[in-house]
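Trainee: Sharing a structure below in structure tokens format, with a few things to ask.
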Amino acid sequence: MSDWPQYPQPQQPPGGPVGAPPSYSSWVLDHPHEEPRNYALILRNRQYSAWKPLVGIFAAGVLMLIVMPLVMMPILIIGLAIEKGGSGDFLQTINDALMMKTITVSGMLYLNLTLASLIPASWLLVRTLHNMRPRWLASVRPRIRWGFLAACFAATIPALLAMMGVGMLLPGDPNGVTGKLNDITGQTIALAIVLLLTTPFQAIGEEYLFRGYLAQAFGALTKSRVAAVVIPSILFGLAHGLQNFPLFFDRFAFGFTAGLLTVLVGGLEAGIAMHVMNNLLAFGVTLAFGDIAQTLSVTEAPWSQLLLTGTQDVVFVVLVLLIARRMKVQTQTQVPRLDQAASVV
Numbered sequence: 251m252s253d254w255p256q257y258p259q260p261q262q263p264p265g266g267p268v269g270a271p272p273s274y275s276s277w278v279l280d281h282p283h284e285e286p287r288n289y290a291l292i293l294r295n296r297q298y299s300a301w302k303p304l305v306g307i308f309a310a311g312v313l314m315l316i317v318m319p320l321v322m323m324p325i326l327i328i329g330l331a332i333e334k335g336g337s338g339d340f341l342q343t344i345n346d347a348l349m350m351k352t353i354t355v356s357g358m359l360y361l362n363l364t365l366a367s368l369i370p371a372s373w374l375l376v377r378t379l380h381n382m383r384p385r386w387l388a389s390v391r392p393r394i395r396w397g398f399l400a401a402c403f404a405a406t407i408p409a410l411l412a413m414m415g416v417g418m419l420l421p422g423d424p425n426g427v428t429g430k431l432n433d434i435t436g437q438t439i440a441l442a443i444v445l446l447l448t449t450p451f452q453a454i455g456e457e458y459l460f461r462g463y464l465a466q467a468f469g470a471l472t473k474s475r476v477a478a479v480v481i482p483s484i485l486f487g488l489a490h491g492l493q494n495f496p497l498f499f500d501r502f503a504f505g506f507t508a509g510l511l512t513v514l515v516g517g518l519e520a521g522i523a524m525h526v527m528n529n530l531l532a533f534g535v536t537l538a539f540g541d542i543a544q545t546l547s548v549t550e551a552p553w554s555q556l557l558l559t560g561t562q563d564v565v566f567v568v569l570v571l572l573i574a575r576r577m578k579v580q581t582q583t584q585v586p587r588l589d590q591a592a593s594v595v
């Protein structure tokens, strides 16, 4: 037996053996893309298959036209029961509210919340079909870029003023709004509250579906930014129902402008700002001076409407692109470096 002292054997550090330091590839694999992608190609990730955007496009239509309206139906039924007190033919009352033959507070709340529900519906498609976090719909960052969003809201003001300036030069009012202030009643106040609180989410819902998920789905399917802008814009126009060609083209132009900016600046911020401000202004002016039922059920517009829309769109696009350049807005995804946290799955 040796007289030398016995020392303890070396032990592994707490937590197990020391392995090799994390490699670049281990971080990159936590990111959905192997190389930078523009907004239209975000869904072409490591797990991409052509059937996924095809199924997603079909599912988006089902969610928008069938599922979400049914999910939100209790809001309409309960609201009308409170408003009408169960008087008269209740089924006819529900039908009139759905068809916008009669404008009610419950009907407007139902309409706006149904369209707002397209936000979680779009998130669901991205998460379940494409195994990506919903925030990839917001932008290439991937998140809402709040400073840029605020700047885009500011850009809507001169664009709207330019449109109004052109409108003053045109004969008559293409929107059919009179100069007489409507009577202020309890229903008017209730409608104003509902519109103010829910219209922004209604507009955001449409942006997330059409300029968000559908743009990315068609972009992934075709590998084309043109298809990502044009096809959802056509669907956006058609989704508004029966209309003459000038009115359809006006809505198509709106969708095209929002889609173009989404692809160019790499996110939904510009489209959200323009859509929210447009709808708030339209509903606000109509509630004060016009007829909301007529506005919601309009099927015709004069060609002069395109001049107004075109003026607004051109001014807004120029301003947003200048702002994006000034703020150095990121327009493509970035594969994370080794020293970045891999949290953007």
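The numbering of the sequence shown is our numbering, which starts it at 251 and goes up by one.
Positions of the beta carbon are idealized from the N, C-alpha and C atoms, including for glycine.
Count the other C-beta atoms from every protein chain shown that fall within 10 angstroms of the C-beta of Met577, then say buried if there are 16 or more, exposed otherwise.
Mentor: Indexing the sequence shown from 1 puts residue 577 at position 327. With fewer than 16 other Cβ atoms within 10 Å, it is exposed.
Trainee: Assess, as a yes-or-no matter, whether the stretch 402 to 421 is touched by the stretch 557 to 566 under the definition of 3 or more beta carbon pairs within less than 8 Å.
Mentor: The stretch 557 to 566, when compared against the stretch 402 to 421, does touch it at the 8 Å Cβ threshold.
Trainee: Residues in the same chain with beta-carbon distance under 8 Å from Glu550, minus the five sequence neighbours each way, listed in chain order, please.
Mentor: Locating residue 550 in the sequence shown gives position 300, counting from the first residue. Counting only Cβ-Cβ distances below 8 Å, and skipping sequence neighbours, we find Gln493, Asn494, Pro496, Leu497.
Trainee: Measure the C-alpha to C-alpha separation of Val585 and Leu445 and round it to an integer number of angstroms.
Mentor: The sequence position of residue 585 within the sequence shown is 335, counting from 1. The sequence position of residue 445 within the sequence shown is 195, counting from 1. Distance between the alpha carbons of Val585 and Leu445: 41 Å.
Trainee: Can you tell me the Cα-Cα spacing of Leu379 and Leu471, whole angstroms?
Mentor: Numbered from 1 along the sequence shown, position 129 holds the residue referred to as residue 379. Numbered from 1 along the sequence shown, position 221 holds the residue referred to as residue 471. Each residue's alpha carbon lies about 14 Å from the other.
Trainee: To the nearest angstrom, how far is it from the Cα of Ala523 to the Cα of Val321?
Mentor: In the sequence shown, counting from the first residue as 1, residue 523 sits at position 273. In the sequence shown, counting from the first residue as 1, residue 321 sits at position 71. Between Ala523 and Val321, the C-alpha separation is close to 27 Å.
Trainee: Tell me whether the beta-carbon of Gly462 lies closer than 9 Å to the beta-carbon of Ala388.
Mentor: As a working mapping, residue 462 is identified with position 212 in the sequence shown. As a working mapping, residue 388 is identified with position 138 in the sequence shown. In contact: Gly462 and Ala388 (Cβ atoms closer than 9 Å).
Trainee: Around the C-beta of Ile353, are 16 or more other C-beta atoms found within 10 angstroms, so that it is buried, or is it exposed?
Mentor: What you label residue 353 is simply residue 103 of the sequence shown in a count that begins at 1. Under this definition Ile353 is a buried residue.
Trainee: Could you pull out every residue in the same chain whose Cβ sits closer than 6 Å to the Cβ of Arg385, ignoring the five residues on either side in sequence?
Mentor: Taking the sequence shown and counting its residues from 1, one reaches residue 385 at position 135. So the qualifying residues of the chain are Pro392, Arg393.
Trainee: I'd like to check one pair, Leu510 with Glu456: are the Cβ atoms closer than 9 Å?
Mentor: Here residue 456 refers to the residue found at position 206 when the sequence shown is read from its first residue. Here residue 510 refers to the residue found at position 260 when the sequence shown is read from its first residue. No.
Trainee: Looking at Ala489: is its Cβ nearer than 9 Å to the Cβ of Met314?
Mentor: One-based indexing of the sequence shown puts residue 489 at position 239. One-based indexing of the sequence shown puts residue 314 at position 64. The answer is yes: Cβ separation under 9 Å.
Trainee: Name, in chain order, the residues that DSSP records as bridge partners for Asn288.
Mentor: Here the question's residue 288 lines up with position 38 in the sequence shown. Paired residues: Gln582.
Trainee: Would you mind reading off the limits of the alpha helix (DSSP H) that contains Glu550?
Mentor: Position 300 of the sequence shown, counting from 1, holds the residue named residue 550. First-last for Glu550: undefined, no H or E at that position.
Trainee: Looking at the unbroken alpha helix (DSSP H) that takes in Thr435, where does it start and where does it end?
Mentor: For the purposes of this step, residue 435 is identified with residue 185 of the sequence shown, where counting begins at 1. Counting along the chain, Thr435 falls outside any alpha helix (DSSP H), and DSSP gives it neither H nor E.
Trainee: Which same chain residues, not among the five before or five after Pro450, have their C-beta less than 6 Å away from its C-beta?
Mentor: As a working mapping, residue 450 is identified with position 200 in the sequence shown. Excluding residues within five positions, the ones whose Cβ falls inside 6 Å are Val526.
Trainee: Secondary structure at Gly517, three-state DSSP: helix, strand or coil?
Mentor: For the purposes of this step, residue 517 is identified with residue 267 of the sequence shown, where counting begins at 1. Gly517 falls in the strand class under three-state DSSP.
Trainee: So Leu363 and Ile344 are in contact, right, with Cβ under 8 Å, and what is the actual spacing, rounded?
Mentor: The residue you call residue 363 lines up with position 113 of the sequence shown. The residue you call residue 344 lines up with position 94 of the sequence shown. Incorrect: roughly 16 Å between the Cβ atoms, too far for contact.
Trainee: In terms of residues, what are the limits of the alpha helix (DSSP H) holding Trp396?
Mentor: As a first step, residue 396 is located in the sequence shown; it is residue number 146 there, counting from the start. Counting along the chain, the alpha helix (DSSP H) containing Trp396 begins and ends at 396 to 419.
Trainee: Of all the options Ser356, Ser474, Ala290, which has the alpha carbon lying nearest to the alpha carbon of Gly516?
Mentor: Translated into the one-based positions of the sequence shown, residue 516 becomes position 266. Measuring from the Cα of Gly516, the nearest candidate turns out to be Ala290.
Trainee: Any heavy atom of the ligand MG within a distance shorter than 8 Å of the CB on Phe468?
Mentor: By its list of ligands, the structure shown contains no ligand whatsoever, and the ligand MG lies outside what it can speak to.
Trainee: According to DSSP, which residues form a beta bridge with Ser389?
Mentor: Within the sequence shown, residue 389 is the residue found at index 139, counting from 1. Answer is Gly517, bridged to Ser389.
Trainee: Report, in whole angstroms, the separation of the C-beta atoms of Leu464 and Ala310, which I expect to be a contact under 8 Å.
Mentor: The count along the sequence shown starts at 1 and reaches residue 464 at position 214. The count along the sequence shown starts at 1 and reaches residue 310 at position 60. Indeed, because the Cβ distance is near 6 Å, the residues count as touching under 8 Å.
Trainee: When the Cα atoms are used, what is the spatial distance from Pro271 to Ala442?
Mentor: Sequence index remark: in the sequence shown, residue 271 carries index 21 (1-based). Sequence index remark: in the sequence shown, residue 442 carries index 192 (1-based). Summary for Pro271: the model assigns pLDDT 48, below 50, so the residue's position carries little reliability; its value from the coordinates is reported in the next sentence. When rounded, the distance between both Cα atoms is 59 Å.
Trainee: Within 10 Å of its beta-carbon, does Ile407 have 16 or more other beta-carbons around it, so buried, or fewer, so exposed?
Mentor: The count along the sequence shown starts at 1 and reaches residue 407 at position 157. The residue is exposed, with fewer than 16 neighbouring Cβ atoms inside 10 Å.
Trainee: Output needed for Ser358: all residues of its chain with C-beta closer than 7 Å, excluding positions within five of it in sequence on either side, in chain order.
Mentor: Residue 358 sits at position 108 when you count from the first residue of the sequence shown. Per the sequence shown, residue 358 should be read as Met rather than Ser. Within the same chain, Met358 has close Cβ partners Leu441, Val444, Leu445.
Trainee: Measure the C-alpha to C-alpha separation of Gly491 and Lys473 and round it to an integer number of angstroms.
Mentor: Counting from one through the sequence shown, the residue named residue 491 turns up at place 241. Counting from one through the sequence shown, the residue named residue 473 turns up at place 223. So the two alpha carbons sit approximately 29 Å from each other.
Trainee: Give the DSSP-derived three-state secondary structure of His380 in the structure shown.
Mentor: As a first step, residue 380 must be located in the sequence shown, where it is residue number 130. The answer is helix: DSSP assigns His380 an H, G or I state.
Trainee: Which two residues bound the contiguous alpha helix (DSSP H) that contains Arg296?
Mentor: Here residue 296 refers to the residue found at position 46 of the sequence shown. Unbroken run through Arg296: none, as it is neither H nor E.
Trainee: On the premise that Ala453 lies in contact with Asn529, defined as a C-beta separation below 8 Å, what is that separation, rounded to the nearest angstrom?
Mentor: To locate residue 529, count along the sequence shown from 1; it is residue 279. To locate residue 453, count along the sequence shown from 1; it is residue 203. Confirmed, Cβ separation roughly 5 Å.
Trainee: Identify the continuous alpha helix (DSSP H) that holds Ser302 and give its terminal residues.
Mentor: Along the sequence shown, one-based indexing puts residue 302 at 52. Checking the sequence shown, residue 302 turns out to be Lys, not Ser. Counting along the chain, the alpha helix (DSSP H) containing Lys302 begins and ends at 301 to 312.
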